[in-house]
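What follows is a single structure, written as structure tokens, with notes after it.
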Amino acid sequence: MSIDLTVMYASHDAFRRDLDRLGKAAADGTAFTPQVRAGWDNFTHQLHIHHTAEDSDLWPRVQSKVEGRPQEIALLAEMEAEHARLDPQLTAVDAALRNRSAELAELVHTLATTLDDHLAHEEASALPLIQEVLTPADWSAFTGRIRERQGMRGAAVFVPWIVDGIPPADRAAFLGALPPPVRVLNRLFWQAGYRRRGLWGT
Numbered sequence: 001m002s003i004d005l006t007v008m009y010a011s012h013d014a015f016r017r018d019l020d021r022l023g024k025a026a027a028d029g030t031a032f033t034p035q036v037r038a039g040w041d042n043f044t045h046q047l048h049i050h051h052t053a054e055d056s057d058l059w060p061r062v063q064s065k066v067e068g069r070p071q072e073i074a075l076l077a078e079m080e081a082e083h084a085r086l087d088p089q090l091t092a093v094d095a096a097l098r099n100r101s102a103e104l105a106e107l108v109h110t111l112a113t114t115l116d117d118h119l120a121h122e123e124a125s126a127l128p129l130i131q132e133v134l135t136p137a138d139w140s141a142f143t144g145r146i147r148e149r150q151g152m153r154g155a156a157v158f159v160p161w162i163v164d165g166i167p168p169a170d171r172a173a174f175l176g177a178l179p180p181p182v183r184v185l186n187r188l189f190w191q192a193g194y195r196r197r198g199l200w201g202t
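The sequence shown begins at 1 in full-length UniProt numbering and counts up by one.
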């Protein structure tokens, strides 16, 4: 039985979308508004949870399945190194936003390129390896740890954040991968609460 990676791919797309929004805001001079700052703060929060869970729970789980396979072990080390490479770039963008720096657009471009390269590498190499070596039970244990970290309050932001502005087919695919009670909560409560936050000024 294959693992359903819908939520993983949707998360990657949401990260790309948010940095695209920040890049456009930096280019048109609207990056220093409270709404853009709130969007950036949520982006960094979601990325931190995502990468921390991968480093602490996912990659070690995969590594236990690929002992004696040096190429795959090296790939997992690359994933962690790419995460670490992002940290100073995230810090630089954060400082540029706080200081209203003229270098913001260039720093955002650098960060977006580095993150997109990492996500593309993960999608091309690490996710197929996950499909090969992990069981659905392994994957469920990993995603369960993410849900624990998010908690109900975090889920109330995460779910509508993922579907913010995405095409209807992608929205349906993502929501279809969630338990029915989560879809109901999102429709009745979470979506409206997310809209009121006005992240990125949308």
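The beta-carbon is built from N, C-alpha and C at its ideal position, and this holds for glycine as well.
Legend entry - CB of H118 within 9 Å of CB of R145, strictly: no
Legend entry - Segment contact flag, the stretch 88-108 with the stretch 171-184, C-beta cutoff 8 Å, min 3 pairs: Result no; under three Cβ-Cβ pairs closer than 8 Å.
Inset, instruction - Look at S64 and I162 and say whether their C-beta atoms are less than 9 Å apart. - result: no
Legend entry - Delimiting residues of the alpha helix (DSSP H) encompassing R69: Segment: none, R69 is in no alpha helix (DSSP H) and carries neither H nor E.
Legend entry - Cα-Cα separation, V7 to P34: 28 Å
Legend entry - Separation of K24 from N99, as counted between CA atoms: 18 Å
Inset, instruction - Along the alpha helix (DSSP H) that carries G192, what are the first and last residues, could you check? - result: Looking at the sequence shown, residue 192 is not Gly but Ala. It spans 191-197 - the alpha helix (DSSP H) in which A192 sits, taken as one unbroken run.
Legend entry - Whole-Å CB distance - V62 paired with L5, under 8 Å assumed: Rounded, the Cβ-Cβ distance is 13 Å, inconsistent with contact.
Legend entry - For E148, the first and last residue of its enclosing alpha helix (DSSP H): 136-162
Inset, instruction - Answer with yes or no whether the minimum CB distance from S56 to chain C is below 9 Å. - result: The chain labelled as chain C is not found in the depicted structure, where only one protein chain is given.
Inset, instruction - Return helix, strand or coil for R16, following the three-state DSSP convention. - result: helix
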